[in-house]
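Engineer:
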Amino acid sequence: MDKLTAPDNMNRMNDPDGSALVRGLCGDTMEMYLVIDNGRVERASFHTDGCASSIACGSAAARLAGGRTLEEALRLSPADVIDVVGDLPIASAHCAILAIMTLHKSLADYLLRFEQG
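Its first residue numbered 26, the sequence shown is counted upward by one per residue in the working numbering.
1) So M126 is in the beta strand (DSSP E); what residue range does that whole segment cover?
2) Three Cβ pairs or more, each shorter than 8 Å: is that satisfied between the stretch 69-76 and the stretch 35-47?
3) Please state whether the Cβ-Cβ distance between L101 and L136 is less than 8 Å.
4) For Y58, which residues from the same chain have a beta carbon less than 6 Å from its beta carbon, with the 5 sequence-adjacent residues on both sides left out?
5) Report the rounded CA-to-CA distance for L89 versus P103, giving the unit in angstroms.
6) For R93, collect the residues of the same chain with a Cβ closer than 6 Å to its Cβ; drop the 5 residues on either side in sequence, then sort them by chain order.
7) Look up S44 in the DSSP assignment and give the residues it is bridged to.
8) Would you kindly work out how many angstroms separate the C-alpha atoms of I125 and T30, rounded to a whole number?
Okay, structure coming up:
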């Protein structure tokens, strides 16, 4: 990935339905933003201050979540992210964990705010 080119889904949202910020064990932070309609993730984006692997994993997690029901998105795992990223160094597997943790926390934020009223 070109260091100067960010993925098109690497951006913050002003008024998401669900969002979360998580700091990984490596010190990188990741944010995830979701727009949810009729129980389905309509749009997902992310932001990270991390390395190229964090960017790749955040982008993959956001893309994987798009179009899925909340239940399907909650079943996504770090292995799913690694499969999408492809050539992820083993030392960067924690980036996939960070991306999924952030996605799941943003889904939990949505559920707390909108589903439980």
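Cβ atoms here follow ideal geometry from the backbone N, Cα and C, with glycine treated the same way.
Structural biologist: In terms of the structure at hand:
1) Within the sequence shown, the letter at position 101 stands for residue 126. Segment A118 to Y135 is the alpha helix (DSSP H) holding M126; no beta strand (DSSP E) there.
2) Contact holds: three or more Cβ-Cβ distances are below 8 Å.
3) Translated into positions along the sequence shown, residue 101 becomes position 76. Translated into positions along the sequence shown, residue 136 becomes position 111. Against a cut-off of 8 Å, the Cβ pair of L136 and L101 comes out as no contact.
4) Your numbering for residue 58 matches position 33 in the sequence shown. Shown here for Y58: same chain residues with a beta carbon closer than 6 Å to its own, the five before and five after excluded, namely M38, P41, S44 and S70 in chain order.
5) The residue labelled residue 89 in the question sits at position 64 within the sequence shown. The residue labelled residue 103 in the question sits at position 78 within the sequence shown. Distance between the alpha carbons of L89 and P103 is about 11 Å.
6) Translated into the one-based positions of the sequence shown, residue 93 becomes position 68. The residues are V66.
7) Along the sequence shown, one-based indexing puts residue 44 at 19. DSSP lists Y58 as partners of S44.
8) In the sequence shown, residue 125 corresponds to position 100, counting from 1. In the sequence shown, residue 30 corresponds to position 5, counting from 1. Rounded to the nearest angstrom, the gap between the Cα atoms of I125 and T30 is 23 Å.
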